[in-house]
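K.L.:
Below is a structure I'd like to ask you about.
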Amino acid sequence: MLKDKEQTIIEVQQLKKSFGDDVVLKDISETVKAGQVICVIGPSGAGKSTFLRCLNVLEEPTSGKVLFEGSDLTGIKEEELNRLRQKMGMVFQSFNLFPNLTVLDNLQLAPLKVRRLSADQAQKQAHKLLTQVGLADKSAEYPASLSGGQQQRVAIARALAMDPEVMLFDEPTSALDPEMVGEVLKVMRDLAHSGMTMVVVTHEMGFAKEVADQIWFMADGYIQEKGKPEDFFAHPKTERAQDFLSKILS
Numbered sequence: 000m001l002k003d004k005e006q007t008i009i010e011v012q013q014l015k016k017s018f019g020d021d022v023v024l025k026d027i028s029e030t031v032k033a034g035q036v037i038c039v040i041g042p043s044g045a046g047k048s049t050f051l052r053c054l055n056v057l058e059e060p061t062s063g064k065v066l067f068e069g070s071d072l073t074g075i076k077e078e079e080l081n082r083l084r085q086k087m088g089m090v091f092q093s094f095n096l097f098p099n100l101t102v103l104d105n106l107q108l109a110p111l112k113v114r115r116l117s118a119d120q121a122q123k124q125a126h127k128l129l130t131q132v133g134l135a136d137k138s139a140e141y142p143a144s145l146s147g148g149q150q151q152r153v154a155i156a157r158a159l160a161m162d163p164e165v166m167l168f169d170e171p172t173s174a175l176d177p178e179m180v181g182e183v184l185k186v187m188r189d190l191a192h193s194g195m196t197m198v199v200v201t202h203e204m205g206f207a208k209e210v211a212d213q214i215w216f217m218a219d220g221y222i223q224e225k226g227k228p229e230d231f232f233a234h235p236k237t238e239r240a241q242d243f244l245s246k247i248l249s
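For the sequence shown, numbering that gives the first Met the number 0 assigns the number 0 to the initial residue and increments by one for each residue that follows.
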């Protein structure tokens with residue numbers, strides 16, 4: 000479901016996250032508008048994945064707020080949180096497919112159980128999504144028979160089967176062999192061009208340059224710098240970003 004471009008989908012207010020004495024996120028306040036593609040980049044250990052998981056409260060923030068379409072996810076009952084989470088598709092580094100279910104059944108399970116679609120509706124939607132990600136001929140296969148890139152495309156299709164309003168991607172290509180990265184990025188690129196709101200933690204700089212509306216550069220628990228890709232990659236303002244880019248783009 001595409002929203003008005005001016006609508007704020009996610010608003011983060013003074014977000015902090017600690018694990019014991021380790022302060023991973025120190026003070027983050029940002030907004031994601033409808034239709035935006037945000038690419039979050041930065042060095043390992045910067046807190047990028049933790050930040051992403053706080054957006055749908057898979058990680059409970061230590062303090063601060065995460066508002067999704069105006070509702071504070073950190074201050075609501077589990078039932079309401081789960082209802083709102085259904086609008087936030089998430090794709091992880093690992094594919095998390097059900098190994099005992101066929102590809103088709105992986106895509107149909109949540110729409111049948113959670114969205115209460117009819118069997119016919121769920122099956123039609125699953126076939127449509129498999130065609131969208133280039134796997135129309137794999138519906139009867141089991142995950143173990145697929146390549147890593149194919150499994151990740153199934154995982155994206157499964158997230159889309161819940162008809163989300165935003166998609167969160169946590170380094171979706173990091174576990175893939177290099178030759179499989181392109182097929183997953185193509186699906187993500189097509190999704191971005193369709194108008195889907197996306198927050199993507201990635202180390203794929205070419206993808207970030209091409210697809211992102213904004214780059215958020217994270218380091219040391221903060222978003223240190225943000226800007227349009229053409230500005231950020233050509234003229235990073237902070238020393239931390241300059242140092243990072245000099246290492247990965249050299």
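The C-beta atom is built at its ideal place from N, Cα and C for all residues, glycine as well.
Could you have a look at Leu14 and say whether DSSP puts it in helix, strand or coil?
P.N.:
Here Leu14 sits in strand by DSSP.
K.L.:
Who are the Cβ neighbours of Gln122 in its own chain at under 8 Å, not counting the five residues just before and after it?
P.N.:
Leu103, Gln107
K.L.:
Taking C-alpha atoms, which residue in Arg152, Asp212, Met195, Arg157 lies nearest to Leu184?
P.N.:
Arg152
K.L.:
Is it buried or exposed for Glu224, if we count other Cβ within 10 angstroms and need 16 for buried?
P.N.:
buried
K.L.:
Apart from the five residues just before and just after Leu248, which ones in its own chain have a Cβ nearer than 8 Å to its Cβ?
P.N.:
Met204, Phe232
K.L.:
Can you find the residues in the same chain that come closer than 7 Å, C-beta to C-beta, to Pro163, ignoring five residues on each side of it along the sequence?
P.N.:
Closer than 7 Å at Cβ, skipping near neighbours: Lys86, Met87, Gly88.
K.L.:
Skipping 5 residues on each side, what residues in its chain have a beta carbon closer than 8 Å to that of Gln131?
P.N.:
Ala156, Leu159, Val186, Asp189
K.L.:
Could you tell me whether the segment 18 to 29 touches the segment 137 to 148, using the rule of 3 or more Cβ pairs below 8 Å?
P.N.:
These segments do not touch.
K.L.:
Sort Leu72, Lys16, Cys53, Ile37 by Cα distance to Met195 and report the nearest one.
P.N.:
Ile37
K.L.:
For Phe50 versus Met197, is the C-beta distance shorter than 8 Å?
P.N.:
Result no, Cβ atoms of Phe50 and Met197 do not sit closer than 8 Å.
K.L.:
Exposed or buried, what is Asn261 when buried is set at 16 or more other beta-carbons lying within 10 Å of its beta-carbon?
P.N.:
No information on residue 261 is available, as it lies outside the stretch 0 to 249 that the chain covers here.
K.L.:
So within the segment 163 to 225, which uninterrupted beta strand (DSSP E) runs reach at least 3 residues, ignoring any that extend past its ends?
P.N.:
165 to 169, 196 to 200, 213 to 218
K.L.:
Report the start-end ranges of each alpha helix (DSSP H) in the segment 44 to 118 that is 4 residues or longer and not cut off at the edges.
P.N.:
47 to 54, 77 to 84, 102 to 112
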